[in-house]
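Asker:
Protein chains: 2
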Amino acid sequence: MLTPADASLAARLPQGVLRDPGPAYTEEPRGRLKGQAGLVAAPRDVQECAAIIRACATARVAVVPRGGGTGLVGGQIMSDGPAPLILSLERMTAIRDIFPDEGVMIAESGVTLQAARMAAAGVDRQFPLSLASQGSAQIGGVMSTNAGGVNVLRFGNARALCLGIEAVLPSGEVMHDLKRLRKDNTGYDLRDLLIGAEGTLGIITAASLVLAPVPAEQGVALLVVDSPAAALRLLSLAQARLSGGVTAFELISGVSLRFLDAAFPEMRQPFAARPEWLVLVEVGLPAGLPADAALEGLFTQGLEAGLVHDGVIAQSGQQAADLWALREHIPLANRHVGAIASHDISLPLSQVAGFIDDAGAMLAGLGDMRVNCFGHLGDGNLHYNLFPAPGRVREDYDDIRRDLSQRIHEMVVARGGSFSAEHGVGRLKVADLARWGDPARLTAMRAIKGALDPLGIMNPGAVLA
Amino acid sequence: MLTPADASLAARLPQGVLRDPGPAYTEEPRGRLKGQAGLVAAPRDVQECAAIIRACATARVAVVPRGGGTGLVGGQIMSDGPAPLILSLERMTAIRDIFPDEGVMIAESGVTLQAARMAAAGVDRQFPLSLASQGSAQIGGVMSTNAGGVNVLRFGNARALCLGIEAVLPSGEVMHDLKRLRKDNTGYDLRDLLIGAEGTLGIITAASLVLAPVPAEQGVALLVVDSPAAALRLLSLAQARLSGGVTAFELISGVSLRFLDAAFPEMRQPFAARPEWLVLVEVGLPAGLPADAALEGLFTQGLEAGLVHDGVIAQSGQQAADLWALREHIPLANRHVGAIASHDISLPLSQVAGFIDDAGAMLAGLGDMRVNCFGHLGDGNLHYNLFPAPGRVREDYDDIRRDLSQRIHEMVVARGGSFSAEHGVGRLKVADLARWGDPARLTAMRAIKGALDPLGIMNPGAVLA
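Right, here's the structure in full:
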């Protein structure tokens, strides 16, 4: 049985780690969940972090790790049970080392993703993980949730961008594994086990991150396509032409554009009529192959193949940033409108178009609503979000919301897809995992959780019930 | 306590799975280890595989999984203890499905790597995992050992090329997780845990493999460099110019060339004088950037920077194959000469040159021998192999062999490197792992092993003692 984080635990913690448990530690971005914080502790180094975990283990107190707090599935929010200790990585903000010629940076978990990206840029490299919340999201959270974002198509998710970790295990032991090696086959892959475990198997305190060369040529285009199916054929064409040079391939819908109009009327859009489907294509290419020429070649081939109808190719860094801004403001526009329900799904690429058709038809039969379907098409990862019809409000859909999500997830799973592509399980999707997870896999996950965290103190209630 | 695989177990196995336990099931490539086989069973499908595991669990019989048998660290060889059941995947050879536009292939574990690569080529894609033993090595073994090879620099190791697995867990349960998704954050990463576990946590029976587009432009060059340090500066230069277009960057030594002369005198070499250091550079580039022009640009820049002194750029597919043949025949040439000791090490890139210098000096102080240092320089992965001085034989070094390897591994570990970059731990490196592995990581590994395989039947003695 767990006990609350209280004064007697506080007395056993290392000097000076406690923070005021203000509301910033118990909130999440959408404001739908509210957590508790018996204590908030922010270690300055891994040894203090380990001492906190040992104290919590001794006292049987739940530990909820917290990075930037930007998670969307409640992994950082414990609402029930004895009040936990919130373990914030906010003071572990060192970039311990950077090796430009190796393409490696060692960053502590409290470093924001933005700061990590800037540190890489400072040595003429890139840390190719980019997502909307990067100004707040921290490396520890990014790793613990195996974050994705817009460049997974070329560089993989967080797991693929990490060579090693330092972590405090639930026992309070420190695992020192900050390797800078591209190959190291010496035993079980605990790094990838802790990455994506959402703090339920230990606390990642630092990571050895992969830096990539900045492409010699970079470019962005926004292309109007007939349909998601046409977009995917265009992707196939682009991959064949550019041999790994496509670094992002993002779907934008007409609904996205109209929501941007509503939320950001001052934002200029390149197409006067709002097309129903567009893709934002980003390329990173070798020296000797100018990006605008490569994108024009793709555009022309797409036109000839009947896949593309219109498009703009950025002629400057500013224009490229403006096109990206359209894509990046969609989540904010969504919040402005107010979603009924959001879904972070992925599908095998050949199932994407069929899913969009079938889900649209299914929803049309259930009620009057708007669908904003957008996101990382190149990864088969869609943000499939439902909004009230004009003139109606979120609450009008309260009685069907759960059913809507259930049905969408059912359709996704039936097509071999995932009900959580990049956001994780957290606490909001625990029931989904229990329902759709492979039984043998779930049994093995529970066995691992029991073996590494026998007291059940690490982020209880997240991932596994 | 385990019991031997005997007639009473045989009677409980599914009909028709038993094979004659010939010597092919108890040998390994270097002929140094000899295993035992109480029984050999070859299931035709995952259900038969699961039934075999359940029977072994009931009878407390050790299971040693076997793919192509090409492993170099004895993971497939159990010499001690009650005779095991050898579980051969040789009859699970279906390519179940192939999705060219998704870049995915579902292959059973008994498919050879060569067959998988040919199946990909048949739909105009590549399975970018390539290694010397690919004609025999099977997908199951490749995955279970997280195999590497020559294209890791661009495409990652086996782990990075697998989207999902089907596996039989030690309990006999089947984990169905053959996803075709690029993003799927729904719980612990059991896929990557089983990959690289060398059969100690379960049997991988099929894998969902990543296929990549065939590059629009491909080319190969063999460049003469001053030193490994110069080679690494050239790599840095190539990465900056070619933005991910370098698909292989292999080091070849003068010793390699002279061994090739001895073993394959008919093989033509491009440089009459045998240079001391060379790199084989392979590129895969977008349409519009001819590979020979890109390689010439790199060659010229390397010359100007004083890094490259001579070189050849393949002018045809045949010439490219001939240059690759030099690299690929080095292991055979090594066997012809007969190594005293071999080391599959990796180092942080900035530590490679210093290691080569220091290790050479250390060895010079210990005795008269030849070093063939070659391999996957772009990954920091060297095959650092020691050979008798001319006129002497392997046995002359019997009394110092263990000490030599120990000292080399010590130097590697002191520089943040790995004593097993791509071959794995198997049984030959169990003591190395116990000595150099992080203690907290080892404790966690043992806890996981105990949780998933409480009877200890899965490949006992491999990875963990």
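One line per chain: the protein sequences are A and B, in this order. Reminder that position 203 of the first sequence reads as 203 in UniProt numbering, one-by-one numbering, no gaps. Reminder that position 187 of the second sequence reads as 187 in UniProt numbering, one-by-one numbering, no gaps. The beta carbon of each residue, even a glycine, is placed where N, CA and C say it ideally should be. On a predicted model such as this, the values are computed, not experimentally measured, just so you know.
#1: Measure the alpha-carbon distance for residue 466/A versus residue 37/A and round it to whole angstroms.
#2: From 11/A, 90/A, 231/A, pick the residue whose C-alpha is nearest to that of residue 353/A; which is it?
#3: Measure the Cβ-Cβ separation of residue 145/A and residue 198/A and say whether it is below 7 angstroms.
#4: Residue 253/B and residue 374/B look like a contact to me (Cβ under 8 angstroms); what is the Cβ gap, rounded to whole Å?
#5: With a CB to CB cut of under 6 angstroms and the five nearest residues on each side skipped, what residues in its chain are close to residue 21/B?
#6: Would residue 390/A count as contacting chain B if we go by Cβ distances under 7 angstroms?
#7: Which complete alpha helix (DSSP H) runs does the stretch 312–365 of chain B hold, if anything under 4 residues is left out?
#8: Using a Cβ-Cβ cut-off of 7 angstroms, state whether residue 186/A counts as contacting chain B.
#9: When the Cα atoms are used, what is the spatial distance from residue 191/A to residue 164/A?
#10: Taking only beta-carbon positions, decide if residue 176/B is within less than 7 angstroms of chain A.
#11: Check whether chain B comes within 7 angstroms of residue 99/A, counting only Cβ atoms and requiring the distance to be less than that.
#12: Using a Cβ distance threshold of 8 angstroms, determine whether the stretch 307–315 of chain A contacts the stretch 168–188 of chain A, with at least three qualifying pairs required.
#13: What's the gap between the Cα of residue 366/A and the Cα of residue 207/A?
#14: Would you report the Cα separation of residue 72/B and residue 293/B, rounded to the nearest angstrom?
#15: Could you please give me the residues that DSSP links to residue 418/B through a beta bridge?
#16: Along the stretch 139–157 of chain B, what residues have a CB closer than 8 angstroms to any CB found in chain A?
#17: Is the CB of residue 445/A under 7 angstroms away from at least one CB in chain B?
#18: Taking the alpha carbon of residue 121/A as the point to measure from, which residue in 82/A, 173/A, 210/A has its own alpha carbon closest?
#19: Measuring only the C-alpha atoms, how far is residue 179/A from residue 104/A?
#20: Report the option in 127/B, 229/B, 166/B, 326/B whose CA atom is closest to the CA atom of residue 148/B.
#21: Using the three-state DSSP reduction, which class does residue 19/A fall into: helix, strand or coil?
#22: Within a Cβ cutoff of 7 angstroms, which residues of the same chain sit near residue 405/A, ignoring the five residues on either side of it in sequence?
#23: Check whether chain B comes within 7 angstroms of residue 463/A, counting only Cβ atoms and requiring the distance to be less than that.
#24: Please tell me whether residue 385/A and residue 255/A are closer than 7 angstroms, where the distance is taken between their beta carbons.
#25: Can you tell me whether residue 135/B is buried or exposed? The criterion is at least 16 other CB atoms within 10 Å of its CB, across all chains shown.
#26: State whether the stretch 48–65 of chain A contacts the stretch 166–180 of chain A, with contact taken as three or more CB pairs (one from each stretch) at a distance under 8 angstroms.
#27: Is the beta carbon of residue 417/A sitting closer than 7 angstroms to the one on residue 345/A?
#28: Excluding five sequence neighbours on each side, which residues of the same chain lie with their C-beta closer than 6 angstroms to the C-beta of residue 77/B?
#29: Answer yes or no: does any C-beta atom of chain A fall closer than 7 angstroms to that of residue 304/B?
#30: When burial is assigned at 16 or more other CB atoms within 10 Å of the CB, is residue 421/B buried or exposed?
#31: Closest to residue 204/B by C-alpha separation, out of 25/B, 302/B, 194/B, would be which residue?
#32: Cβ closer than 8 angstroms: which chain B residues qualify as neighbours of residue 381/A?
#33: Using the DSSP secondary-structure output, state which residues sit across from residue 388/A in a beta bridge.
#34: What are the start and end residues of the alpha helix (DSSP H) that includes residue 142/B?
#35: Rounded to the nearest angstrom, what separates residue 431/A and residue 465/A at their Cα positions?
#36: So which of 83/A, 141/A, 124/A has the shortest CA-CA distance to residue 92/A?
Answerer: For this structure:
#1: Residue numbering for chain A in the displayed model covers 1 to 465; residue 466/A lies beyond these limits and cannot be assessed.
#2: The shortest C-alpha separation from residue 353/A is found at 231/A.
#3: yes
#4: 5 angstroms
#5: 37, 40
#6: no
#7: 317–337, 349–364
#8: Under the Cβ distance rule, residue 186/A counts among the residues neighbouring chain B, one pair being separated by less than 7 angstroms.
#9: Rounded to whole angstroms, residue 191/A to residue 164/A spans 6 angstroms at the Cα level.
#10: yes
#11: At least one C-beta of chain B is nearer than 7 angstroms to the C-beta of residue 99/A.
#12: no
#13: Taking the Cα positions, residue 366/A is about 46 angstroms away from residue 207/A.
#14: Cα-Cα distance, rounded: 39 angstroms.
#15: 346/B
#16: 145, 146, 148, 152, 153, 154, 156, 157
#17: Taking a beta-carbon distance threshold of 7 angstroms, residue 445/A counts as an interface residue toward chain B.
#18: 210/A
#19: Their Cα atoms are separated by approximately 10 angstroms.
#20: 127/B
#21: strand
#22: 341, 343
#23: Look at residue 463/A: its C-beta is under 7 angstroms from a C-beta on chain B.
#24: no
#25: exposed
#26: In this structure the stretch 48–65 of chain A touches the stretch 166–180 of chain A; the number of beta carbon pairs closer than 8 angstroms is three or more.
#27: yes
#28: 28, 33, 35
#29: no
#30: Looking at its Cβ environment, which holds 16 or more other Cβ atoms inside 10 Å, residue 421/B is buried.
#31: 194/B
#32: 182, 183
#33: 369/A
#34: 139–144
#35: 8 angstroms
#36: 141/A
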